[in-house]
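K.L.:
There are 2 protein chains.
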Amino acid sequence: MASRAKATILDIAREAGVSKSTVSLVLQGSGLIRPETALKVRKAIENVGYVYNRGAANLRKAHSNVIGMVINDLTNPFFAEMAVGMERVFQSAGIVPFIANTAESPVRQEEVLKSLMEQGVAGLVVSPARGTAPGAFRRLETAGVPVVFVMRRLPESRIPVIAPDNHRGAYLATAHLIGKGHRRLAFFGGSPDLVVYHERLGGFREACEALGIAPADRLVFEGETSRKGGIACLETALAMAAPPTAALCFNDAVAFGVLLALRKRGLEPGADFAVVGFDDVAEAEHYMPALTSVSVNTAGLGERAAHVVLKMIQSRTTRAEDHIGAVNLVVRESCGPDRKGHSCAGMGDAA
Amino acid sequence: MASRAKATILDIAREAGVSKSTVSLVLQGSGLIRPETALKVRKAIENVGYVYNRGAANLRKAHSNVIGMVINDLTNPFFAEMAVGMERVFQSAGIVPFIANTAESPVRQEEVLKSLMEQGVAGLVVSPARGTAPGAFRRLETAGVPVVFVMRRLPESRIPVIAPDNHRGAYLATAHLIGKGHRRLAFFGGSPDLVVYHERLGGFREACEALGIAPADRLVFEGETSRKGGIACLETALAMAAPPTAALCFNDAVAFGVLLALRKRGLEPGADFAVVGFDDVAEAEHYMPALTSVSVNTAGLGERAAHVVLKMIQSRTTRAEDHIGAVNLVVRESCGPDRKGHSCAGMGDAA
DNA sequence: TTGATTTATTGGAACGTTCCATTTAATAGG
DNA sequence: CCTATTAAATGGAACGTTCCAATAAATCAA
Numbered sequence: 014m015a016s017r018a019k020a021t022i023l024d025i026a027r028e029a030g031v032s033k034s035t036v037s038l039v040l041q042g043s044g045l046i047r048p049e050t051a052l053k054v055r056k057a058i059e060n061v062g063y064v065y066n067r068g069a070a071n072l073r074k075a076h077s078n079v080i081g082m083v084i085n086d087l088t089n090p091f092f093a094e095m096a097v098g099m100e101r102v103f104q105s106a107g108i109v110p111f112i113a114n115t116a117e118s119p120v121r122q123e124e125v126l127k128s129l130m131e132q133g134v135a136g137l138v139v140s141p142a143r144g145t146a147p148g149a150f151r152r153l154e155t156a157g158v159p160v161v162f163v164m165r166r167l168p169e170s171r172i173p174v175i176a177p178d179n180h181r182g183a184y185l186a187t188a189h190l191i192g193k194g195h196r197r198l199a200f201f202g203g204s205p206d207l208v209v210y211h212e213r214l215g216g217f218r219e220a221c222e223a224l225g226i227a228p229a230d231r232l233v234f235e236g237e238t239s240r241k242g243g244i245a246c247l248e249t250a251l252a253m254a255a256p257p258t259a260a261l262c263f264n265d266a267v268a269f270g271v272l273l274a275l276r277k278r279g280l281e282p283g284a285d286f287a288v289v290g291f292d293d294v295a296e297a298e299h300y301m302p303a304l305t306s307v308s309v310n311t312a313g314l315g316e317r318a319a320h321v322v323l324k325m326i327q328s329r330t331t332r333a334e335d336h337i338g339a340v341n342l343v344v345r346e347s348c349g350p351d352r353k354g355h356s357c358a359g360m361g362d363a364a
Numbered sequence: 014m015a016s017r018a019k020a021t022i023l024d025i026a027r028e029a030g031v032s033k034s035t036v037s038l039v040l041q042g043s044g045l046i047r048p049e050t051a052l053k054v055r056k057a058i059e060n061v062g063y064v065y066n067r068g069a070a071n072l073r074k075a076h077s078n079v080i081g082m083v084i085n086d087l088t089n090p091f092f093a094e095m096a097v098g099m100e101r102v103f104q105s106a107g108i109v110p111f112i113a114n115t116a117e118s119p120v121r122q123e124e125v126l127k128s129l130m131e132q133g134v135a136g137l138v139v140s141p142a143r144g145t146a147p148g149a150f151r152r153l154e155t156a157g158v159p160v161v162f163v164m165r166r167l168p169e170s171r172i173p174v175i176a177p178d179n180h181r182g183a184y185l186a187t188a189h190l191i192g193k194g195h196r197r198l199a200f201f202g203g204s205p206d207l208v209v210y211h212e213r214l215g216g217f218r219e220a221c222e223a224l225g226i227a228p229a230d231r232l233v234f235e236g237e238t239s240r241k242g243g244i245a246c247l248e249t250a251l252a253m254a255a256p257p258t259a260a261l262c263f264n265d266a267v268a269f270g271v272l273l274a275l276r277k278r279g280l281e282p283g284a285d286f287a288v289v290g291f292d293d294v295a296e297a298e299h300y301m302p303a304l305t306s307v308s309v310n311t312a313g314l315g316e317r318a319a320h321v322v323l324k325m326i327q328s329r330t331t332r333a334e335d336h337i338g339a340v341n342l343v344v345r346e347s348c349g350p351d352r353k354g355h356s357c358a359g360m361g362d363a364a
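Protein sequences, first through last, are from chains A and B.
Heads up: the first sequence is residues 14 to 364, going by this note's numbering.
Heads up: the second sequence is residues 14 to 364, going by this note's numbering.
#1: Would you please state the rounded distance, in angstroms, between the beta carbons of GLY283 of chain A and GLU346 of chain A? I believe it to be under 8 angstroms.
#2: Examine chain B for any beta-carbon lying closer than 9 angstroms to the beta-carbon of ARG278 of chain A, and answer yes or no.
#3: For the alpha helix (DSSP H) that contains MET130 of chain A, what are its first and last residues?
#4: Grouping DSSP H, G and I as helix and E and B as strand, with all else coil, what is SER43 of chain A?
#5: Roughly how many whole angstroms lie between the Cα atoms of GLU316 of chain A and LYS19 of chain B?
#6: Any contact of the segment 105-117 of chain B with the segment 160-169 of chain B, i.e. 3+ C-beta pairs under 8 angstroms?
#7: Looking only at its chain, what residues have a beta carbon closer than 8 angstroms to the beta carbon of LEU45 of chain B, apart from the 5 residues adjacent to it on each side?
#8: Does GLY375 of chain B come within less than 9 angstroms of chain A when only Cβ atoms are used?
#9: With a threshold of 16 other CB atoms inside 10 Å of the CB of GLN132 of chain B, please say whether the residue is buried or exposed.
#10: To the nearest angstrom, how far is it from the Cα of LEU247 of chain A to the Cα of PRO90 of chain A?
#11: Is the beta carbon of TYR210 of chain A sitting closer than 9 angstroms to the one on PHE162 of chain A?
#12: How would you write the range of the beta strand (DSSP E) that ALA135 of chain B sits in, first residue to last?
#13: May I ask you to list the residues that DSSP assigns as paired with ILE175 of chain B?
#14: Going along the chain, which residues of the segment 97-118 of chain A sit with their C-beta nearer than 9 angstroms to a C-beta in chain B?
#15: Can you round the beta-carbon distance between ALA188 of chain A and ALA146 of chain A to whole angstroms, since I take them to be within the 8 angstroms contact cut?
#16: Would you say VAL233 of chain A faces chain B, with C-beta separation under 9 angstroms as the test?
#17: Report yes or no: do three or more beta-carbon pairs, one from the segment 51-69 of chain B and one from the segment 92-109 of chain B, lie closer than 8 angstroms?
#18: Within the 9 angstroms Cβ cut-off, does GLY133 of chain B reach chain A?
#19: According to DSSP, is ILE226 of chain A helix, strand or coil?
#20: I'd like to know whether the C-beta of LEU207 of chain A is nearer than 9 angstroms to at least one C-beta of chain B.
#21: Please classify THR330 of chain B: is it buried, with 16 or more other beta-carbons within 10 angstroms of its beta-carbon, or exposed?
#22: Interface residues of chain A around ARG121 of chain B at Cβ under 8 angstroms?
#23: Touch check for the segment 196-203 of chain A and the segment 254-274 of chain A: three-plus C-beta pairs under 8 angstroms?
#24: Under 8 angstroms Cβ-Cβ, which residues of chain B neighbour LEU190 of chain A?
#25: Which residues of chain B have a Cβ atom closer than 8 angstroms to the Cβ of THR88 of chain A, listed in chain order?
#26: When you compare the CB positions of ASN85 of chain A and SER128 of chain A, do they come within less than 9 angstroms of one another, or not?
#27: Identify every residue that forms a DSSP beta bridge with THR305 of chain B.
#28: Within 9 angstroms of any Cβ in chain A, is that where the Cβ of SER128 of chain B sits?
#29: When DSSP builds the beta bridges, which residues end up paired with LEU282 of chain B?
#30: On the DSSP bridge assignment, give the partners of ARG143 of chain A in chain order.
#31: What residues are listed by DSSP as bridge partners for GLY315 of chain A?
#32: Pull out every residue of the segment 284-301 of chain B whose Cβ sits closer than 8 angstroms to any Cβ of chain A, in chain order.
#33: Does the CB of LEU273 of chain B have a neighbour CB from chain A at under 9 angstroms?
#34: Would you say ASN71 of chain A faces chain B, with C-beta separation under 9 angstroms as the test?
#35: Taking 9 angstroms as the CB-CB cut-off, is GLY44 of chain A touching chain B?
#36: For ALA245 of chain B, which residues does DSSP report across the bridge?
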């Protein structure tokens, strides 16, 4: 039963009548052991209720098969989906990754990274917290630990990045809106401390430029990247003298907020105001109305990132190529039908 | 710079001109060291780019300050919220917990637990995967590792549980529905392999019993505990000759599905069919219509569970008291106004 | 001064593995 | 039968910490 002191390899050796080295070999599945001996050992392992001490092993081995996933916000379904994608490939590689949440806090992230290093991780895939300092990963780098960024990148950094083509996604979405007949457009949510923001906003601007929307007719509203942020953006946008008729949102959460706020004002999403989201989270499809959004293949990017870090670990390198994932616009209901002679007129109320 | 071999405590000792023991003491913040010596050592630590090897330390120390959170489904916002609550308290205890996702798979859970044990965790808080075998935690128990279950319990197990008062929650919700004038009620979603299911269904039944709903007028529809499950439940319920007019849903996800399906059929949630959810996830408040739901204080229970496991670790025990968290019904819009002369007329409300 | 006490520091033996270099046993070649 | 060769098993030295017991240095009591 509850043997007080935990069993070690030596207890097994004694039980099985072999040497500790033999036990070690069996544990590693070495083919050097006679099958019957191995069996005997395995039986002994069972008997003494042994649990492998990975710490001790790593001490000797110097590389650890522990992989960490550092996620900026597990509460956000988008990142949760991504994490699940990563997990899938780690699992099929026989690895149990450790997930840590930084809750979008750079200092928390610092702690997490420190802890993970102390634990001797073999590699890391990180979705960095907003506002991460440029040097935050230096220690990892000098320690030679393979790291890959996913979804987000740091302003200047040699660490490989797996991310969607944000620029193109925003371009596509904006073009869609313009194609629907909108001539005064807004970009809702996000703030410049995120590289992603610049990428998406850049796509928005480029599309406006290319498709003949005057600079004065493209409005940018910074805001939280949440439902709440979306609500706020819509409020201030509609309070303008000449409000926009459509918005590209920084992400789906913002878009949901906008949809909500529209409803609350008695406006019909799609018909009265078009909105497109970004990321295409699972919920987008089930929303009322279903949200038109830029799909970035979230889980797929997660998988990709996991693969990359595995490869880096295997080839003991700290570099790898960036990967920019394809995106595509999935059109649902939140932009309504095409706008005919609607011009900039109408707009039921303004409050 | 990039010193090839990673620095150890001895390198620091050499650099600072002291013994390794001194360095070790500094690392542990012992007050036995002369402040100036400590400073010298700390400087040396910085110089050589040292990273603490927790594996080596644990080998000697025999207890590890690593705590694991094993979550059945990180993709589910409900469990994510709970996880965040736990994290909060671990963080303020100066601990970085490792999160592992079991994706509701017992075999995955097995792997995760094994890995965590090998890593030498000091304690675990677990939200067990659906269908976990009764003996799944035996190894942990005989190893004397403190474990606490959160949200879910296993049929027979001595492991302490932190969970909401599911029975009472369901009772309250059902009473609310009956008070609104409903006389033919359904319970939507879930399946008997979850203890929670029996608890909630039990509360539903007891309320019906106590408030005079005939057994023939309480309908139970098993189903997935997801939006999809909710949609399916509603479909089959409405296909009946005498369909129910209200449903208590196993959880909020199911309720969202029901709301969706109602809309799709052109029915008005609340007015045509009342629905109440369970768990009161963040989204419930922002849904259209806002969802009436049983609030269980998700994050609070997570915090509680974290506290309990910390205490258990500290007092080196493997037992603790169960904690059944208070619940309360938060009434929003999804049950509409009271049902007046609607078939089974009269009856203001009761609750 | 001398011994007792306190304050700082230190060597060395663990901790539970892995893995190299050996030893021992078994098999084959002549 | 002896030696080479192969197969199987083993002892012991690491790995980077902690912590006990011991030392060295400083302070105090007498």
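Glycine included, C-beta positions come from ideal geometry on N, C-alpha and C.
P.N.:
Looking at the coordinates:
#1: 6 angstroms
#2: no
#3: Counting along the chain, the unbroken alpha helix (DSSP H) around MET130 of chain A starts and ends at 119-131.
#4: coil
#5: 31 angstroms
#6: no
#7: LEU38
#8: The structure shown does not extend to residue 375 of chain B, since chain B spans only 14 to 364, so no value can be given for it.
#9: buried
#10: 23 angstroms
#11: no
#12: Where ALA135 of chain B is concerned, there is no enclosing beta strand (DSSP E), given that its DSSP letter is neither H nor E.
#13: DSSP output for ILE175 of chain B lists B:VAL163, B:HIS336 as bridge partner(s).
#14: VAL97, GLU100, ARG101, GLN104, GLY107, ILE108, VAL109, PRO110, PHE111, ILE112, ALA113, ASN114, ALA116
#15: Rounded, the Cβ-Cβ distance is 36 angstroms, inconsistent with contact.
#16: no
#17: Three or more Cβ pairs closer than 8 angstroms define a contact, and the segment 51-69 of chain B falls short of that threshold against the segment 92-109 of chain B.
#18: yes
#19: coil
#20: no
#21: exposed
#22: Using a Cβ-Cβ cut-off of 8 angstroms, ARG121 of chain B is close to GLN104 of chain A, given in chain order.
#23: Enough Cβ pairs lie closer than 8 angstroms, so yes.
#24: Correct list: empty, because the minimum Cβ distance to chain B is about 23 angstroms.
#25: PRO90, ALA93, GLU94, VAL97
#26: no
#27: In the DSSP assignment, THR305 of chain B forms a beta bridge with B:VAL289.
#28: It does; some Cβ of chain A falls within 9 angstroms.
#29: The sequence shown places Pro at residue 282 of chain B, rather than the Leu named in the question. Per DSSP, B:PHE286.
#30: BP columns for ARG143 of chain A are empty, so no partner.
#31: Looking at the DSSP assignment, GLY315 of chain A forms no beta bridge with any residue, so it has no partner.
#32: Under the 8 angstroms Cβ criterion, the segment 284-301 of chain B contributes HIS299, MET301.
#33: yes
#34: yes
#35: no
#36: DSSP output for ALA245 of chain B lists no bridge partner at all.
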